[in-house]
Amino acid sequence: MLEPAIHEAVRKELVAAIGGSKVLWMKSDLLPYTKDTYRIRFEDEYKYFPDFVVLPESTSEVQSVVKIASSKKIPLIPKGGGSNRTGMLVPVYGGIVVDTIRMNRVIEVDVANLHVTVQTGITLKELEDRLAEHRLWLTQEQGSLRVATVGGSISTSGFSRRNNKYGTIADRVMSLEVVLADGSILRTGPKVLYTSTGYRLHQLFIGSEGTLGVITEATLRVEPIPEAREVVLSFYSDFWTAMAAAQRLMASGIGYSGAEAYEASDMDELGAPKGLKALLYVILDGTKGEVEAQADSVKKFVAGTGGILGAHDVAMSFLTRYVEQWCGARALTGFEDVITCYVPMEHMREFYDKLWNDIGPRHGIEPLSGEKFSLDAGRYKMAGGRYWLPKGEQAWEKYQKVLREIAGLATRLGGSVQSCHGIGIQHRDNLDLEYSEVALETMRRIKDTFDPQNIMNPGKKLPARK
Ligand SMILES: Cc1cc2nc3c(=O)[nH]c(=O)nc-3n(C[C@H](O)[C@H](O)[C@H](O)COP(=O)(O)OP(=O)(O)OC[C@H]3O[C@@H](n4cnc5c(N)ncnc54)[C@H](O)[C@@H]3O)c2cc1C
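Dropping the structure here:
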C-alpha cells in the first residue's frame, strides 16, 4: 500500500482528473478487488489490497489515470469481468485497478465491412445482443460469455468452442486502441483484417494479461448470423472410443463449427443407454441446406464409429446449456481447478495416464466425477480435466508441485502448459519448462519497451529475471 501522504495526494489527483464518483479507496469497496477466481494461498487471502479502484468511462479518463500512475510509478491493473482463473488480477504490489465495467459502449457497427468497434469493458454477451440487432455475431462462444469482457477475452486469448469454423477472439481482432504505460495512445493499425504493412502490433496484446497497456477500444471482425444451427449429440462406451471418433471426425473433411468429446457424469439425464460413459457433440451452422447435409454426414459418421445418436431436443438444449449457465459461483468456491493443456494427439493417452494414475495419486488430487477427460475436437485440440484441489496443511506446496509436474508432463510431450486460461501468477514460474531463456528474455524485452517502469500488472505473466 502507498504511504498515507502519497495515498492522499494521489486520491486528490484521481478525483480531480475523473471525478469522485469514479474513484474507490475505502477498504470495504476494495475488498472484491483482492482476488479473482484463482484460489490464492489461504494465508494470503485478503492480504493484497489495491490502493484505489477507478471506474473510467472514456479513453481520455483512462489516459489521465495512467499519467498519474506513471508519474509516481504506481502499478496499474486493468480489469474486465474478473473471471480469469489464474490470478491475473491479484494486486500483489497494490496500485490502481482500472475497472472497465463502465466502458461498455458499442462505438460503430460497420455492416458493409463486417466489423464492430467497441469499448472493451462490454461483456461478450452484451455485444452479441447488440450485434444481433444487425443480424451479425462475434462467434466468441466462451463458457464465461455472460461475464467476460471483450478486453478480458483479448487479454487472455480466450477460447471459443466454435473455433473449428471461426477461430477464437485472436482471429477476430483487426485493430486496437491502447493507452500505453506512459499515457500515450496507440492505435495498432487500420481497421482491416488483412494487411502486409507494419508489424502486427495488435497481436502483441492478445494474451498480454494487462502487462503491456490498457486496451480501451477494439475493432473486431464479425459474421452474419447463420440461417440454421444444429447439434449432433452422440454417446460412446468410454472416452477413448469417443476420442478416436473425434480424431476421425477432425480428419474427415466434414465442415463443422465446433466439437468436443468428454467423459460425462450426466449420461442418464442426456438419455444415453446404460453403461455408456462418454459423449461427442458436433455443432453445425450455415444455410439450412448446408446444415442438413452436414448433419447427415455427421450422423453417418457416428454410426460408422460405434456411436449412438442422442435425441434432437436434448442435443439442442445442450447447445444453450453451456453458455446460458454461468458457473462463476462454482469457480469462486476455490475447491477445484481445471487443466487446459495442449497435448499432441498421439500423446493424449500417455498424458492422461500419467496425470490420473501417477501425478494425481502421488499428490492426493482427484478428478471431479465426469470431468476427468476432455478433448476439444476443433482446430486447437485442447485437452482438459477438472480436479479437486489438495487439502490439508501442506496444500499450497502440494498444489505448486502438482502444477509444475503437469506443466512438465505437457511440455515434455510436446505440448503447452495452458491452452486458454493464461498464466497470471498460477503458471508464471513454470514457463521455463515451455520456453528457452532466450525466448523468455525476448518477451521481457518487449515488456520493457512498452512498460519501462514495470507498472502494468507487475508480477504476472512472465517469470522474473534470474
Ligand atoms: C466458469 C468459467 C468458465 C470459463 N469458460 C471459459 C471459456 O470457455 N473460454 C475461455 O477462454 N475462458 C474461460 N474462462 C476463463 C475466463 O472467463 C476468461 O479468461 C476470460 O476471457 C476473462 O475475461 P474477463 O473479462 O473476466 O477478464 P478479467 O478476469 O477481468 O482479466 C483477465 C486479464 O485481462 C486483463 N484485462 C482485462 N481487461 C483488459 C483491458 N481492457 N486492457 C488490458 N488488459 C485487460 C487483466 O489485467 C487480466 O490480466 C472461464 C472461467 C470461468 C470461471
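With numbering that gives the first Met the number 0, the residue at position 400 of the sequence shown is 399, and numbering never jumps. Note that the Cβ used here is the ideal one computed from N, Cα and C, for glycine as well. Since the structure is predicted, the reported quantities are computational estimates derived from the model, not experimental observations.
Worksheet item: Near Pro343, which residues of its chain fall below 7 Å by C-beta distance, leaving aside the five closest residues on each side in sequence?
Response: In chain order, Leu412, Gly413, Gly414 place their CB closer than 7 Å to the CB of Pro343, counting only its own chain and leaving out the 5 sequence neighbours on each side.
Item to complete: Indicate the three-state DSSP secondary structure (helix, strand or coil) for Phe300 in the structure shown.
Response: Three-state result, Phe300: helix.
Fill in: Residues bridged to Trp355 (per DSSP)
Paired residues: none, contrary to the question.
Discussion item. Checking 7 Å against the spacing of the C-beta atoms, do Ala147 and Leu130 come in under that value?
Written reply: No, the Cβ-Cβ distance between Ala147 and Leu130 is not below 7 Å.
Worksheet entry | Buried or exposed by the 16-neighbour rule on C-beta atoms within 10 Å, applied to Pro488 | Residue 488 cannot be examined here, being either before or after the span of the chain that is shown, 0 to 465.
Worksheet item: For the beta strand (DSSP E) that Val117 lies in, which residues bound it at each end?
Response: Element bounds for Val117: 114-118.
Practice prompt. Classify Thr495 as helix, strand or coil using the three-state DSSP reduction.
Written response: No answer is possible for residue 495: the residues shown for the chain start at 0 and end at 465.
Worksheet item: Relative to ligand 1, is the shortest distance from any of its heavy atoms to the C-beta of Gln202 smaller than 6 Å?
Response: Gln202: no, Cβ never under 6 Å from ligand 1.
Practice prompt. Reducing DSSP to helix, strand and coil, say where Ala250 ends up.
Written response: It is coil, neither helix nor strand.
Worksheet entry | Span separating the alpha-carbon of Glu433 from that of Met442 | Rounded to the nearest angstrom, the two C-alpha atoms are 13 Å apart.
Discussion item. I need the straight-line Cα distance from Arg385 to Arg40, nearest angstrom please.
Written reply: Distance between the alpha carbons of Arg385 and Arg40 is about 19 Å.
Item to complete: Out of Ala376, Asp267, Gln452, Met266, point me to the one whose CA is closest to Lys66's CA.
Response: Taking only the C-alpha atoms, the option nearest Lys66 is Gln452.
Worksheet item: Is Phe158 near ligand 1, in the sense that its beta carbon is under 6 Å from a heavy atom of that ligand?
Response: Checking the 6 Å criterion, the Cβ of Phe158 is within range of a heavy atom belonging to ligand 1.
Discussion item. Threshold first: 3 residues or longer. Then list the beta strand (DSSP E) segments lying entirely within the region 179-237, N to C.
Written reply: Counting only runs of 3+ residues, the beta strand (DSSP E) found wholly inside the region 179-237 occupies 184-186, 213-220, 227-235, in chain order.
Fill in: Nearest-angstrom beta carbon gap, Ile338 and Ile424 [assumed within contact, 8 Å]
About 17 Å separates the beta carbons of Ile424 and Ile338, which is beyond the 8 Å limit, so they are not a contact pair.
Worksheet item: How about Glu208: is its Cβ closer than 6 Å to a heavy atom in ligand 1?
Response: Using a cutoff of 6 Å, the CB of Glu208 counts as near ligand 1, since one of the ligand's heavy atoms is closer than that.
Worksheet item: For the 8 Å Cβ check, are there 3 or more pairs between the region 303-310 and the region 226-233?
Response: They touch, by the three-pair rule.
Worksheet item: Does at least one heavy atom of ligand 1 sit under 6 Å from the Cβ of Ile39?
Response: The nearest non-hydrogen atom of ligand 1 is 6 Å or more from the C-beta of Ile39.
Discussion item. I'd like to confirm something about Cys419: is its beta-carbon nearer than 6 Å to some heavy atom of ligand 1, or not?
Written reply: In this structure, Cys419 has its CB closer than 6 Å to one or more heavy atoms of ligand 1.
Worksheet item: Sorry if obvious, but does the Cβ on Pro31 come closer than 6 Å to a heavy atom of ligand 1?
Response: Not so, every heavy atom of ligand 1 lies at least 6 Å from the Cβ.
Worksheet entry | Sheet register partners of Glu176 (DSSP bridge) | According to DSSP, Glu176 bridges with Arg186, Glu216.
Worksheet entry | Near ligand 1: Pro272 beta-carbon under 6 Å from a heavy atom | For Pro272, the CB stays at least 6 Å from every heavy atom of ligand 1.
Worksheet item: Are the beta-carbon atoms belonging to Thr85 and His362 less than 7 Å from one another?
Response: Not a contact, by the Cβ cut-off of 7 Å.
Fill in: Glu77 - containing beta strand (DSSP E), residue span
According to the sequence shown, residue 77 is Pro rather than Glu. Taken as a continuous stretch (DSSP letters only), the beta strand (DSSP E) holding Pro77 covers 75-78.
Worksheet entry | Assumed close pair Ala16, Ser69 - CB separation to whole angstroms, cut-off 8 Å | Taking C-beta atoms under 8 Å as the contact rule, Ala16 and Ser69 fail to qualify, at a distance of about 13 Å.
Item to complete: Just tell me which of Thr167, Asp35, Lys371, Leu185 has its CA closest to the CA of Leu211.
Response: For Leu211, the closest alpha carbon among the candidates Thr167, Asp35, Lys371, Leu185 is that of Leu185.
Practice prompt. Could you check what DSSP says for Arg385 in three-state terms: helix, strand or coil?
Written response: DSSP places Arg385 within a strand segment (E or B) once states are collapsed to three.
Worksheet entry | Helix, strand or coil at Thr410 [DSSP, three-state] | Per DSSP, reduced to three states, the secondary structure at Thr410 is helical.
Item to complete: With DSSP collapsed to three states, give me the class of Val416.
Response: Coil at Val416, not helix or strand.
Discussion item. Give me the DSSP bridge partner(s) of Asp284.
Written reply: Note: Asp284 sits in a beta bridge opposite Arg228.
Worksheet item: Around the C-beta of Met467, are 16 or more other C-beta atoms found within 10 angstroms, so that it is buried, or is it exposed?
Response: Only positions 0 to 465 of the chain appear in the structure, and residue 467 is not among them; the question remains open.
Worksheet item: For Gly94 versus Pro74, is the C-beta distance shorter than 7 Å?
Response: Inclusion of Gly94 and Pro74 in the CB contact set at 7 Å is warranted, their separation being smaller than that value.
Discussion item. Let's see if you can read the secondary structure: which residues bound the alpha helix (DSSP H) around Ser152?
Written reply: Per DSSP, Ser152 belongs to the alpha helix (DSSP H) from 149-155.
Fill in: Pairwise C-alpha distance: Ser195 and Gly188
If you take the alpha carbons of Gly188 and Ser195, they lie about 11 Å apart.
Item to complete: Pick out whichever of Val281, Val290, Glu289, Thr286 has its Cα sitting closest to the Cα of Val301.
Response: Ranking Val281, Val290, Glu289, Thr286 by Cα distance to Val301 puts Val281 first.
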